[in-house]
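Read through the structure below, which is laid out as structure tokens, and then see the notes.
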Amino acid sequence: MKSKRINILLVEDNPDEVVLIKEQLLHTKDTNFNIASVGRLDAALSWLAESQAEVVMLDLILPDSRGLETFRKVYGRFPEIPIIVLTCVGDEALASQLVKEGAQDYLIKGQGDIGALVHALRYAIERHSAKKNSQEALKRLRELNETKSQFVAEVSHEIRTPLAIIREFVSLVRDETVGPLNEKQCKCLDAALRNCDKLTDLISRILDLARIEAGKAELHRTKADLTSLLMQFRNDFTPVCQTKKQTLVLDVPDNLPMAHCDVTSVHNILTNLIGNAHKFTPEKGTLRIRTKEEGRFLRIDVEDTGPGIPRDSLEKIFEAFVQIDRKDGPGTKGTGLGLKIAKSLVELNGGCISVDSTIGKGSCFSFTLPVYDKELPSRILIVDDEELVVRMIEKVLRYSDLKLEVKSTLSGLDSLIIAGEFKPNLIILDMHLAEVGGEQVLLSLRQQSRQHNSKVLIISGDVHSLTEVVRDGADEVLAKPFTPNDLLDKIRILLNLEPKTYLEPIEEKGR
Ligand SMILES: Nc1ncnc2c1ncn2[C@@H]1O[C@H](COP(=O)(O)OP(=O)(O)OP(=O)(O)O)[C@@H](O)[C@H]1O
Ligand SMILES: [Mg+2]
Numbered sequence: 075m076k077s078k079r080i081n082i083l084l085v086e087d088n089p090d091e092v093v094l095i096k097e098q099l100l101h102t103k104d105t106n107f108n109i110a111s112v113g114r115l116d117a118a119l120s121w122l123a124e125s126q127a128e129v130v131m132l133d134l135i136l137p138d139s140r141g142l143e144t145f146r147k148v149y150g151r152f153p154e155i156p157i158i159v160l161t162c163v164g165d166e167a168l169a170s171q172l173v174k175e176g177a178q179d180y181l182i183k184g185q186g187d188i189g190a191l192v193h194a195l196r197y198a199i200e201r202h203s204a205k206k207n208s209q210e211a212l213k214r215l216r217e218l219n220e221t222k223s224q225f226v227a228e229v230s231h232e233i234r235t236p237l238a239i240i241r242e243f244v245s246l247v248r249d250e251t252v253g254p255l256n257e258k259q260c261k262c263l264d265a266a267l268r269n270c271d272k273l274t275d276l277i278s279r280i281l282d283l284a285r286i287e288a289g290k291a292e293l294h295r296t297k298a299d300l301t302s303l304l305m306q307f308r309n310d311f312t313p314v315c316q317t318k319k320q321t322l323v324l325d326v327p328d329n330l331p332m333a334h335c336d337v338t339s340v341h342n343i344l345t346n347l348i349g350n351a352h353k354f355t356p357e358k359g360t361l362r363i364r365t366k367e368e369g370r371f372l373r374i375d376v377e378d379t380g381p382g383i384p385r386d387s388l389e390k391i392f393e394a395f396v397q398i399d400r401k402d403g404p405g406t407k408g409t410g411l412g413l414k415i416a417k418s419l420v421e422l423n424g425g426c427i428s429v430d431s432t433i434g435k436g437s438c439f440s441f442t443l444p445v446y447d448k449e450l451p452s453r454i455l456i457v458d459d460e461e462l463v464v465r466m467i468e469k470v471l472r473y474s475d476l477k478l479e480v481k482s483t484l485s486g487l488d489s490l491i492i493a494g495e496f497k498p499n500l501i502i503l504d505m506h507l508a509e510v511g512g513e514q515v516l517l518s519l520r521q522q523s524r525q526h527n528s529k530v531l532i533i534s535g536d537v538h539s540l541t542e543v544v545r546d547g548a549d550e551v552l553a554k555p556f557t558p559n560d561l562l563d564k565i566r567i568l569l570n571l572e573p574k575t576y577l578e579p580i581e582e583k584g585r
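Letter 116 of the sequence shown, counting from 1, is numbered 190 in this note's numbering, and no numbers are missing.
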């Protein structure tokens, strides 16, 4: 008995091919195929807009469209419908490219294998629905994670104010401003103050982490002199080390190149690592900060002569709230957030962190920061389906005097492939692309770009939609029409470049 009924739109301009495919499918035993066919792309788009199809079988060469464009136009407007591309022998490379872009499968025409055809149809539908389910689950997970971060941030914020007030009143009493105290009372109030400070520290760490996880950490990466930053840090931290008679050694080579980093983050990372080294290393131990140049990175080692960390815990300690059980050792008190925050900050600054440790001898935490290289061009990818706009932006960038490497595309789908290879520092993205929704491209680019730290600047003529895209993950927005200097200002801020202005060319050579 035939059970399921599957609606198929067959887009094919060769009547013989249509008859052949229909014949094959109508004689399938356990599935009931309902096949509509059209021979042009415009007819296919109108059909899909009005009727429902579980799957589209799409010939790429049609009277009104050819090749990649045929697929992109259907997929761009109806991404929720699985598409099987029909190709000829020899077009397999193109077909597999389309599978990468979102087609569910491809079939080579004229091979007459009915089993393979039915199999491809069923699997295309199943795969597509599995993909849709996992995308929805991912979206839900992302929303839940965002809600969690927001909740944590709001609750922490709300606790901070009353806590500060409690602390103020307790210190008023402790300082005997409101009357004399006996020794016992002083001790009680000292304990209350210590715990207020501990709680304040915990809350500010939780807030830091929530901000980083929500992508809201404010980073200003600039050219930074690591040598003087470390010397200042050593001077500030030496008195803390003296409380445990520890020695703090700084070992920096001459002519260390400048780093490209956010100075506040580096301070925070060092405070966490040296703070741990000081806390876990017994009295009279040695803490050492060493730096060296390693290719295009600067490596900073923070070494101690403490108890060491068991091998099987080395990975885990970078997770939130993980503390290795060491009841008898020094420094067991803490929140377990320090290393998680340090790791996130190192990664946001374009580096990585690792640890090496030997039980009974000590630990060495190492992190890297990129060398500041002013000669390196910043890579920019322009994505806009209006060719005139793309050319205008290219022209502004060319005459800006900034050192840039620029690529552009009129297609949102192409932009995903180009971005994967080009790894741009900045993507200038039009919100209203013809073939696929700008939000969809933004979401995919955002996922890709997080891996290589790209920024996304959204341009749009629709001013109202701009506030929403910031929520969706854009780093900056710019309303059209804009002046060349408006655009350059945004680029300069996003890429941390020196101020440059646009000089109107007197004549454009060769154009
Ligand atoms: N230098 C070190 N020597 C030995 N153990 C360490 C060292 N640094 C970290 N650890 C281990 O890793 C755990 C996690 O460190 P992390 O800095 O995240 O948390 P914490 O120091 O316990 O608390 P917090 O930094 O939030 O106040 C520590 O509790 C400790 O067990
Ligand atoms: Mg710590």
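Positions of the beta carbon are idealized from the N, C-alpha and C atoms, including for glycine.
Three-state secondary structure (DSSP) at residue i?
i: arginine 370; result: coil
i: glycine 412; result: helix
i: glutamate 124; result: helix
i: glutamate 377; result: strand
i: isoleucine 565; result: helix
i: leucine 571; result: coil
i: proline 89; result: helix
i: phenylalanine 225; result: helix
i: arginine 234; result: helix
i: asparagine 256; result: coil
i: arginine 214; result: helix
i: valine 551; result: strand
i: phenylalanine 556; result: coil
i: threonine 251; result: coil
i: lysine 417; result: helix
i: glycine 436; result: strand
i: aspartate 402; result: Low local confidence applies: a pLDDT of 47 at aspartate 402 is under 50, so the model's placement there is unreliable, with the coordinate-based value given in what follows. The answer is coil: DSSP assigns aspartate 402 none of H, G, I, E or B.
i: threonine 365; result: strand
i: threonine 355; result: coil
i: isoleucine 580; result: A caution first: isoleucine 580 carries a pLDDT of 47, below 50, which makes its placement in the model unreliable, though a value can still be read off. Isoleucine 580: coil per DSSP, three-state reduction.
i: leucine 273; result: helix
i: arginine 79; result: strand
i: lysine 206; result: helix
i: lysine 469; result: helix
i: isoleucine 199; result: helix
i: alanine 265; result: helix
i: valine 396; result: coil
What residue range is occupied by the uninterrupted alpha helix (DSSP H) comprising residue i?
i: histidine 101; result: Taken as a continuous stretch (DSSP letters only), histidine 101 belongs to no alpha helix (DSSP H), as it is neither H nor E.
i: proline 325; result: For clarity, residue 325 is aspartate in the given sequence; the question names proline instead. Element bounds for aspartate 325: not the alpha helix (DSSP H) but the beta strand (DSSP E), 321-325.
i: threonine 312; result: 300-316
Starting from residue i, trace the beta strand (DSSP E) in both directions and tell me its first and last residue.
i: valine 130; result: 129-133
i: leucine 529; result: A small correction: the amino acid at residue 529 is lysine; leucine does not occupy that position in the sequence shown. Element bounds for lysine 529: 529-534.
i: cysteine 426; result: Neither: cysteine 426 is in no beta strand (DSSP E) and is coded neither H nor E.
Which one or two residues does DSSP pair with residue i in a beta bridge?
i: aspartate 116; result: According to DSSP, aspartate 116 bridges with nothing at all.
i: leucine 455; result: Lys481, Ile501
i: serine 111; result: Leu84
i: valine 445; result: Ala333
i: serine 139; result: Leu136
i: lysine 390; result: Answer is none; lysine 390 lacks a bridge partner.
i: lysine 297; result: His334
i: asparagine 106; result: Arg79
i: threonine 360; result: Thr321
Residue i CB to nearest chain D CB: under 8 angstroms?
i: alanine 198; result: Looking for chain D here will not work: only one protein chain is present.
Touching or not, the region 450-463 and the region 380-389, by the rule of three or more beta carbon pairs under 8 angstroms? no
Query - Validate contact between the region 274-281 and the region 312-322 using beta carbons, cut 8 angstroms, 3 pairs - result: no
* Which ranges does the beta strand (DSSP E) cover as unbroken runs of at least 3 residues, wholly within the region 471-516, from first to last along the chain? -> Every beta strand (DSSP E) stretch that sits fully inside the region 471-516 and reaches 3 residues is listed by chain position as 478-483, 500-504.
Runs of alpha helix (DSSP H) wholly within the region 145-187 (minimum 4 residues, chain order): Taking only runs of at least 4 residues, the alpha helix (DSSP H) segments lying wholly in the region 145-187 are 166-175.
Do three or more CB pairs link the region 254-271 to the region 219-227 at distances below 8 angstroms?
The answer is no - the region 219-227 does not touch the region 254-271, with fewer than three Cβ pairs under 8 angstroms.
| request: Please determine if the region 292-303 and the region 264-273 are in contact, where contact requires at least 3 C-beta pairs separated by less than 8 angstroms. | output: no
Original post:
Is it a yes or a no for the region 371-379 touching the region 354-363, going by three-plus beta-carbon pairs under 8 angstroms?
Top reply: Pairwise C-beta distances place the region 371-379 in contact with the region 354-363, as three or more of them are shorter than 8 angstroms.
task: Would you be able to state if there are at least three C-beta pairs under 8 angstroms between the region 107-126 and the region 83-92?
output: yes
Exercise. Say whether the region 160-179 touches the region 128-148, bearing in mind that this needs 3 or more beta-carbon pairs closer than 8 angstroms, one atom from each stretch.
Key: Result yes; three or more Cβ-Cβ pairs closer than 8 angstroms.
Cβ pair count under 8 angstroms reaching 3, the region 441-448 against the region 486-500: no
Count Cβ pairs between the region 155-168 and the region 194-209 that sit closer than 8 angstroms; are there 3 or more? Counting Cβ pairs under 8 angstroms, three or more are found: they touch.
| Sufficient close CB pairs (3 or more, under 8 angstroms) joining the region 468-487 to the region 556-568 | Cβ pair count under 8 angstroms is three or more, so yes.
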